[in-house]
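Worksheet: the structure to be examined is printed underneath.
Residue numbers (the numbering used here): 2 to 173.
Have a look at this one:
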């Protein structure tokens, strides 16, 4: 009976491992497809942005804003596709926190200005060890959400500051 039980458990385990492998391969194929699609779609997005930049009219200004949104959604798709495989796309290096926040603000400067956003930065001169691309992405998502859900009755006010916790610097 013991040998029979062992054989049944072995067969079940093997069948489950085979199923997991099928899903891992599907997931890998999907991620690779998304990465290739993002790479291909960036060219027409960049071309459309350049055409708008070279032919400035009220219509192309509006179109540029929509292109910026599309570009953000494409970047979002890429980051989410890679989020399960950060070890291949993650590089931890020393970074200045003020620079990280400033760069994220610069990327969204046009929208922040249009929303009459008031920005305050305090105590950000710290070196942190992180992946600057992922931090830029996360800060960008926070900024976009803040603008998306701001009260139309008053301007958006964003304050960036830090708090030290033992061996950590927390961005608030």
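Heads up, the beta-carbon is just placed ideally off N, CA and C, and yes, glycines get one too. Since the structure is predicted, the reported quantities are computational estimates derived from the model, not experimental observations.
- Assignment of beta strand (DSSP E) within the stretch 66–125, counting only whole runs of 3 or more residues, yields 94–97, 119–122 in chain order.
- Contact annotation: the stretch 106–113 touches the stretch 134–145, with at least three C-beta pairs closer than 8 Å.
- Between residue 48 and residue 61, the gap from beta carbon to beta carbon reaches 9 Å or more.
- Non-local C-beta neighbours of residue 35 in its own chain, meaning closer than 8 Å and more than five positions away in sequence, comprise 78, 79, 82, ordered along the chain.
- Secondary structure of residue 155 (DSSP, three-state): coil.
- Counting only the Cα atoms, residue 20 lies some 51 Å from residue 124.
- Annotation: residue 2 to residue 12 spans about 15 Å, alpha carbon to alpha carbon.
- Residue 118 counts as buried, since at least 16 other C-beta atoms from the protein chains shown sit within 10 angstroms of its C-beta.
- Minimum Cα-Cα distance from residue 133 among the listed residues 16, 147, 93, 44 corresponds to 93.
- Per DSSP, residue 166 is one residue of the beta strand (DSSP E) stretching across 163–166.
- Taking 9 Å as the cut-off, the Cβ atoms of residue 115 and residue 161 do not count as close.
- If you check the CB distance, residue 173 and residue 127 do not come in under 9 Å.
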